[in-house]
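Colleague: This structure is in structure tokens; I'll ask about it shortly.
Residue numbers (the numbering used here): 706 to 823.
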């Protein structure tokens with residue numbers, strides 16, 4: 706039986722979101738994964754074990770709180786236009802990724818000298 710598992714997770718940047726999605730996506734029986742970065746919610750629909758989903762989410766983002774586990778809603782028959790949400794802002798102040806330094810530099814073209822050995 707398919708279940709809808711909703712977790713409250715700390716998703717601070719795109720890197721955290723990608724790490725979370727990769728860890729949960731590897732589970733058997735996952736049909737659909739949704740991440741709402743603004744509300745800090747992860748929604749997983751499928752036959753995967755909710756305990757395993759929570760365990761993987763906690764390993765990926767250090768904090769995961771169960772909001773709801775239950776049957777998925779019935780499919781909607783209306784065709785609504787796809788409204789894309791703005792991407793989560795990736796900042797240098799992400800507490801999970803803070804230990805990684807970000808260095809930005811301009812590309813420099815090194816002069817090419819001809820070297821010949823006579």
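Even glycine gets a Cβ: it sits at the ideal position worked out from N, Cα and C.
Check residue 714 in the structure and name its three-state DSSP category.
Modeller: In the chain shown, the residue the question calls residue 714 occupies position 9. Strand, per DSSP.
Colleague: Distance, Cα to Cα, residue 829 vs residue 769?
Modeller: With the chain covering only 706 through 823, there is no way to say anything about residue 829.
Colleague: Determine the extent of the alpha helix (DSSP H) in which residue 762 is found, giving its start and end residues.
Modeller: Walking along the chain shown from the start, residue 762 turns up at place 57. Counting along the chain, the alpha helix (DSSP H) containing residue 762 begins and ends at 755-766.
Colleague: Measuring CB to CB, does residue 725 end up less than 8 Å from residue 740?
Modeller: Along the chain shown, one-based indexing puts residue 725 at 20. Along the chain shown, one-based indexing puts residue 740 at 35. Yes, the pair counts as a contact, with Cβ atoms nearer than the cut-off.
Colleague: Name the one or two DSSP bridge partners that residue 840 has.
Modeller: There is no way to answer for residue 840, as the model of the chain reaches only from 706 to 823.
Colleague: Let me confirm a value: residue 707 is counted as buried when at least 16 other C-beta atoms fall within 10 Å, else exposed. Which label applies?
Modeller: Walking along the chain shown from the start, residue 707 turns up at place 2. Exposed: under 16 other Cβ atoms inside 10 Å.
Colleague: Excluding the 5 residues preceding and the 5 following residue 709 in the sequence, name in chain order all residues of the same chain whose CB lies nearer than 8 Å to its CB.
Modeller: The residue you call residue 709 lines up with position 4 of the chain shown. Excluding residues within five positions, the ones whose Cβ falls inside 8 Å are 748, 749, 750, 773, 774, 775, 776, 777 and 778.
Colleague: Taking the DSSP output, what are the residues bridged to residue 772?
Modeller: Sequence index remark: in the chain shown, residue 772 carries index 67 (1-based). DSSP output for residue 772 lists no bridge partner at all.
Colleague: Within 10 angstroms of its Cβ, does residue 744 collect 16 or more other Cβ (buried), or is it exposed?
Modeller: Locating residue 744 in the chain shown gives position 39, counting from the first residue. Result: exposed.
Colleague: Using C-beta distances below 7 Å, list every residue in its chain close to residue 737, excluding the 5 sequence neighbours before and after it, in chain order.
Modeller: Along the chain shown, read from residue 1 onward, the residue named residue 737 stands at position 32. The answer, listed in chain order, is 750 and 751.
Colleague: Going by alpha carbons, who is nearest to residue 728 out of 713, 781 and 764?
Modeller: Numbered from its first residue, the chain shown carries residue 728 at position 23. Ranking 713, 781 and 764 by Cα distance to residue 728 puts 764 first.
Colleague: Report, in whole angstroms, the separation of the C-beta atoms of residue 714 and residue 766, which I expect to be a contact under 8 Å.
Modeller: Numbered from 1 along the chain shown, position 9 holds the residue referred to as residue 714. Numbered from 1 along the chain shown, position 61 holds the residue referred to as residue 766. Rounded, the Cβ-Cβ distance is 5 Å, consistent with contact.
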